[in-house]
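Q:
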Amino acid sequence: MLDIKLIRENPESVKQGIQNKNEKDRVDEILALDEKRRKIISESEELKAKKNLVSTKIPQMKKAGEDTKQIFAEMKTVSDSISELDSKLRDVETGLNEMLMFVPNLPHSSVPVGKTPEENVEVRKWTPDGFSFAKTEKTLDHIELGKKLNILDFERGAKVSGSGFPIYIGKGATLERALINFMLDYHLTNHNYKEVFPPFLVNRESMQGTGQLPKMEDDMYAIEKDGLYPIPTAEVPITNLHRDEMLADKDLPINYVGYSACFRREAGSYGKESKGFLRVHQFNKVEMVKIVKPETSYDELEKLVKDAEDILKALKIPYRIIMLCTGDLSFSAAKCYDIETWSPAEQRWLEASSCSNFEDFQARRANIRFKREGQKKPEFVHTLNGSGLATSRLMVSLLEIYQTSEGTIKVPEVLQKYTGFVEIK
RNA sequence: GGAGAGUUGGCAGAGUGGUUGAAUGCGGCGGUCUUGAAAACCGUUAAGGAUGCAAGUCCUUCCGGGGUUCGAAUCCCUGACUCUCCGCCA
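Heads up: the first sequence begins at -13 in the numbering used here, then just goes up one per residue.
#1: Please identify the residue among LEU310, PRO200, PRO90 whose C-alpha is closest to the C-alpha of ASP346.
#2: By alpha-carbon positions, which one of HIS177, ALA220, PHE407 ends up nearest to ASP296?
#3: Looking only at its chain, what residues have a beta carbon closer than 6 Å to the beta carbon of LEU92, apart from the 5 residues adjacent to it on each side?
#4: From the DSSP secondary-structure annotation, give me the bridge partner or partners of GLU(-2).
#5: Using a Cβ-Cβ cut-off of 7 Å (strictly less than) and excluding sequence neighbours within five positions of PRO184, which residues of its own chain qualify?
#6: Assign LYS111 to one of three DSSP states: helix, strand, or coil.
#7: How should ARG351 be labelled, buried or exposed, when 16 other C-beta atoms within 10 angstroms of its C-beta is the threshold for buried?
#8: Following the continuous alpha helix (DSSP H) through TYR179, name the residue where it begins and the one where it ends.
#9: For ALA338, which of helix, strand or coil comes out of DSSP?
#10: Taking the alpha-carbon positions, what's the ILE27 to LYS276 distance?
#11: So the beta strand (DSSP E) ILE354 belongs to, where does it begin and stop?
#12: Identify, in the order they occur along the chain, each residue of the same chain with its Cβ nearer than 6 Å to the Cβ of PRO304, setting aside the five sequence neighbours on each side.
#13: Just to confirm the assignment, what range does the alpha helix (DSSP H) spanning MET206 have?
#14: Any idea if PHE344 is buried or exposed, counting beta-carbon neighbours within 10 angstroms, 16 or more meaning buried?
#15: Any idea what DSSP makes of ILE277, helix, strand or coil?
#16: List the DSSP bridge partners of SER373.
#17: Under the rule that 16 or more other beta-carbon atoms within 10 Å means buried, what is GLN389, buried or exposed?
#18: Give a yes or no on whether the C-beta atoms belonging to LEU19 and VAL0 are separated by under 8 Å.
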C-alpha cells in the first residue's frame, strides 16, 4: 500500500509510476475521496470536542442540583449528528482503502522502463567450466527422463489430484527432498539466516499483508469454510510473522529462510508453458525473507540475489540474472531480479527464482514497524524476499543437464550426501 | 465437536456507567546524591489521525464489530483469539 500522503503530495509522479507498471491509475478518484474524508473528519471532531466538554460538566451540574434535562436533549442531537458523520466517514474510508489496496507499488528509479518481458535487462550470466549450450539428438527433456527412469509421474498425479500436480516417485522423491535439504542447509551454514517452518494455510489478513489479496483473488486457492488460504509462497506466512509488531532498531536486519509447498491456481494460464513441471499447481520452494531498515534495502536485495546464485554455483547449473522492467514487475515489488536456469531440451532459460524489494509497501499493509534508538517516531521497515530456490523449474534444468548419453542421471556432487546414491538409472 | 475462564499501556496487573488515556509495580529514559556504580529519591515514559510553517490545539484507541445511554474500559449482542477440562486424532 502506498502512503496516502505520498499520493496527495506527488500525484503526477505516482501516476507515472503506475502507468510504467502497465496499470490503470485511479489517483484522481483517490484524491477526491481523500479530501472528502478529511472534511468529514474535521466536522465530526468539532462535534466530539463539544460533546466531551459538556460531558465533563454534567457530574458537577448534578452535584449542584441543576436541571440537566435540556442539556441532555441537546447532547442527544449532537450525538446523533456524530453517528451520522461517522457512518458516512466509514463508508468513505472503506471505499478509499479498497482503492488504495489496488494501487501497485511504484518502481524504483533504477528499474528500466518497459512494457513487456522483452525489455527486461540481462545483468549477468554464469556457466560452469566447459559447459555447452548445444543440444544433441540424444538430449531428453525432463518429462521423457522422468518417465524413462520412473521418477516422475504426471498421469497418476492428474488422477489423484488433477493436472498440474506431478508426483515424485522413488529416487525422484529422494532427489527432491535432497535438494530441499541441501538448499536449506547451505543458506544456514554459509549465509546468515534463521530457519522457519511456516504453516501452509494462512488467514486473509496475512494474504493482504503481503499483497496477494484483494487484487489476485482469482489466482489464489481458498478454503472458504474456514477462511483460510493455501499459501502461494512461504513469503506470506514468514513476512507476516511480524505483522502488527513494533520492532527495535537492534532487531534488524531479520533474515529468515524456510521451506514450504506452494499452491497456485494459475487460473487462465492453461496451455501457456504448462508442459510437465513448467507450470504446476503445487511445487516446493525454499524462500528467503528479509526485514530490514529502509536505507539498507537495496544492498540487501543484491545480497539476496547472490545468496540464491550461490546455490546454483554449488549445483553447477548455468543461470542468468534478469532485471525486470517496470511493466513486468509484480504488483507489490519496487525492483526485482529473476534468476533463470538453462533447459537444454527446451533450449531456453526458465525462471527459477525471483528476488524482490518491496520497500515499505508490504510493511505498510502488514503494519510492521520499528523504532530507531533514541527516536520516538516509528518507521515502516522494508521487506524483501527471494526464492532460494523453487525446486520444480530447477529440477527441470538439473535433470536435463545431469543426464548422460545413456539416459541416466548423475546426482550433483553436493547432493550425494543427501540422496545416498550417485546415479539414477 | 462439547463445557468453562479469559483478552486493559513495553511487561505484570487494578479498575463494573461520569473530569479514567486509564491506579500500582516492573522495565525504559532524564535528573539528584556518589570518585564511579548500586541503592534511595524526584521527574518522565503509547499509537494513529485532523489541523498548522512551527509551537501547539483537537479527535480516536482498554481484542474486533454492533447496540443501550446525555455519557461506556465498565452494561447488552456478536465475532476473533488464548487458556483449562472432555471428546476425536497424526
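Glycine included, each C-beta is placed from N, C-alpha and C at the ideal position.
A: In short, the structure shows the following:
#1: PRO90
#2: HIS177
#3: GLY3
#4: GLU(-2) is not bridged to any residue.
#5: ALA220, PRO223, ILE224, GLY244, SER246
#6: strand
#7: buried
#8: Note, TYR179: premise wrong, no alpha helix (DSSP H); not H, not E.
#9: strand
#10: 37 Å
#11: 354 to 357
#12: THR113, PHE117, TRP328
#13: No alpha helix (DSSP H) holds MET206; DSSP gives it neither H nor E.
#14: buried
#15: strand
#16: GLU273
#17: buried
#18: no
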